[in-house]
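Here the structure is laid out as structure tokens; the discussion comes afterwards.
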Amino acid sequence: MDCLFCKIIAKQIPVDLIYENEKVVAFLDINPVNPGHLLVVPKVHSENIAVAADDDLIALTLAVKKLAPAVCAVTACDGWNLEVNNGNAAGQAIDHTHWHIVPRRKDDGFKHWPGHPYAAGEAAKIIALIRENLMS
Ligand code: AMP
Ligand code: ZN
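Shown next, in the form of structure tokens:
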């Protein structure tokens, strides 16, 4: 399997790890949205959240809880985004589960994605479909 993050974890590609424990590693994104932008990556390969092991997802969450305040403190951020792109249509370029911690400043110029209200009856339909899918 030709996976960049597996190669980083196997130390075949040198990266300055900021954090490592039994389950996850964290390192700077090579092309940051803002300085301090981190990637938190489970050591075991999985393509995305939907198929990742539960204990890897727990480890990712706990690592984010530890790392984000540290990133925020040293970058004097006003907030931070936890971003997860699942699937190429959602912007996932590397098919190994990873979460982005992006420190944000009030004046960094980035905007939230646009929202659009539901048409009449549309929300009820999708609620019913999702509930049905969860039960199947
Ligand atoms: P995504 O679009 O969610 O799959 O994010 C992949 C991220 O990996 C991008 O933000 C890239 O800038 C980052 N990236 C790609 N190669 C490297 C690398 N060698 N070291 C660190 N980050 C990388
Ligand atoms: Zn991988």
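Numbering (this note's numbering), first residue to last: 3 to 138.
Heads up, the beta-carbon is just placed ideally off N, CA and C, and yes, glycines get one too.
Measuring CA to CA, which of the options is closest to residue i?
i      : options                      : result
Phe29  : Ala91, Asn135, Val73         : Val73
Val2   : Ala125, Gly89, Ser138, Leu69 : Residue 2 falls outside the range modelled here, since the chain spans only 3 to 138, and no answer is possible.
Glu24  : Glu134, Ala65, Asn83         : Ala65
Thr63  : Leu136, His102, Asp4, Leu6   : His102
Lys67  : Thr77, Met137, Trp82         : Trp82
Leu1   : Lys108, Gln94, Gln14         : Residue 1 is absent from the structure shown; the chain starts at 3 and stops at 138.
Pro71  : His39, Asn90, Ala55, Asn87   : His39
Val43  : Asp109, Ala75, Ala61         : Ala61
Thr77  : Ala52, Asn87, Lys13, Asp110  : Asp110
Arg107 : Ala121, Asp80, Ile10         : Asp80
Val139 : His114, Ala121, His98        : Residue numbering for the chain in the displayed model covers 3 to 138; residue 139 lies beyond these limits and cannot be assessed.
Trp115 : Asp4, Glu85, Ser48, Ile15    : Glu85
Say the cut is 7 Å; is the CB of residue i nearer than that to a heavy atom of ligand 2?
i      : result
Cys79  : no
Cys74  : no
His47  : yes
His118 : no
His98  : yes
Would you check if the distance between the CB atom of residue i and the CB atom of residue j is smaller than 8 Å?
i     : j      : result
Val17 : Val104 : no
Phe7  : Ile96  : yes
Val46 : Asp56  : no
Asn88 : Asn33  : no
ask   = Whose beta carbon lies closer than 7 Å to any heavy atom of ligand 1, going through the chain in order?
value = Leu6, Ile10, Ile15, Val17, Phe29, Leu30, Asp31, Ile32, Asn33, Leu41, Asn87, Gly93, Gln94, Ala95, Ile96, His100, His102
At which residue ranges does the segment 15-83 contain complete alpha helix (DSSP H) runs of 4 or more residues, listed in the order of the chain?
56-77
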